[in-house]
Amino acid sequence: MRIVVARDYEQMSRMAAIVVSSRVILQPNCVLGLATGSTPVGLYRNLVEFYRHGDLDFSRVTTFNLDEYVGLGPNHPCSYHRYMRENLFDHVNLRPERCHIPRGDAEDLEGECLRYEEEIRRAGGIDLQILGLGVDGHIGFNEPDVKFERRTSVVKLAESTIQANSRFFDGPDQVPRHAISMGIRTIMMARRIMLLASGPEKARAVRGAVMGEVTPSLPASVLQLHPNVTIIVDRDAASLI
Ligand code: GLP
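Residues in the sequence shown are numbered from -17 upward in steps of one, following this note's numbering.
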């Protein structure tokens, strides 16, 4: 596990964008695993900037997002489909047919999970998985006490996650209670993983992820078992390590 402590959010985002760009340049047909939330917004902003400068070509890149809220269609303003279009997809030359996000509005949610997992397999697996970190140590929407061996599935959100994510909705009661999320097993199968965390509210989860016991009660701690993980955190998030 490589741990990089950035000065602040801006530097963390820039470093993360350099890691992703290097992968795209070295392997133009790579498969990227993408994350949402406020943490990777700066990463995507930097990638768009690199693209506009003519330094990046995404035309052969395939992407798979970690998760989506159950019940939200792709055009819902709080859906991760919408987030990805606004922050990345609409601004670079990724091909829409190569960008995958679970459908939270699928009629058969279990079938959607199996289909998603199969799509990842058919694409050859994920070369670089980007992760944010929940305050409770969740990755994707794999909440504490998740089974490490789980693949993509429908998960119930923790109350603390509903509260934390309510800032994107018109209040906590608008936040869906379930999501489709890649499982820990799906995430751990990625060849490389890059986890980002910023701000003092993530410090406890960062500590658990890098030096705590490996336990389902802090899902990100499983990353200690992965052979190729880079953690980029700002000073506030690194304050307990
Ligand atoms: C959500 C997402 C996670 C993300 C987490 C942290 O729960 N499903 O993938 O890492 O929020 O979000 P933020 O970056 O906004 O703190």
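Ideal Cβ placement from N, Cα and C applies to all residues, glycine included.
Alpha helix (DSSP H) segment containing residue 2, residue limits:
-9 to 8
Does residue 184 come out as helix, strand or coil in the three-state DSSP assignment?
helix
Quick check on the DSSP output: what are the complete beta strand (DSSP E) runs of length 3 or more inside the region 125 to 173, in order along the chain?
135 to 138, 160 to 163
Within 7 Å: the Cβ of residue 220 and any heavy atom of ligand 1?
no
Mark residue 193 as exposed unless 16 or more other C-beta atoms lie within 10 angstroms of its C-beta, in which case mark it buried.
exposed
Is it the case that the CB of residue 120 approaches a heavy atom of ligand 1 more closely than 7 Å?
yes
Note down, in chain order, each residue of its chain lying with its Cβ closer than 6 Å to the Cβ of residue 222, except the 5 sequence neighbours on either side.
185, 189
Cβ of residue 16 versus every heavy atom of ligand 1: is any distance shorter than 7 Å?
no
Taking 8 Å as the threshold (C-beta atoms), are residue 43 and residue 110 in contact?
no
Would you report the Cα separation of residue 170 and residue 153, rounded to the nearest angstrom?
33 Å
Per DSSP, the bridge partner or partners of residue -15
213
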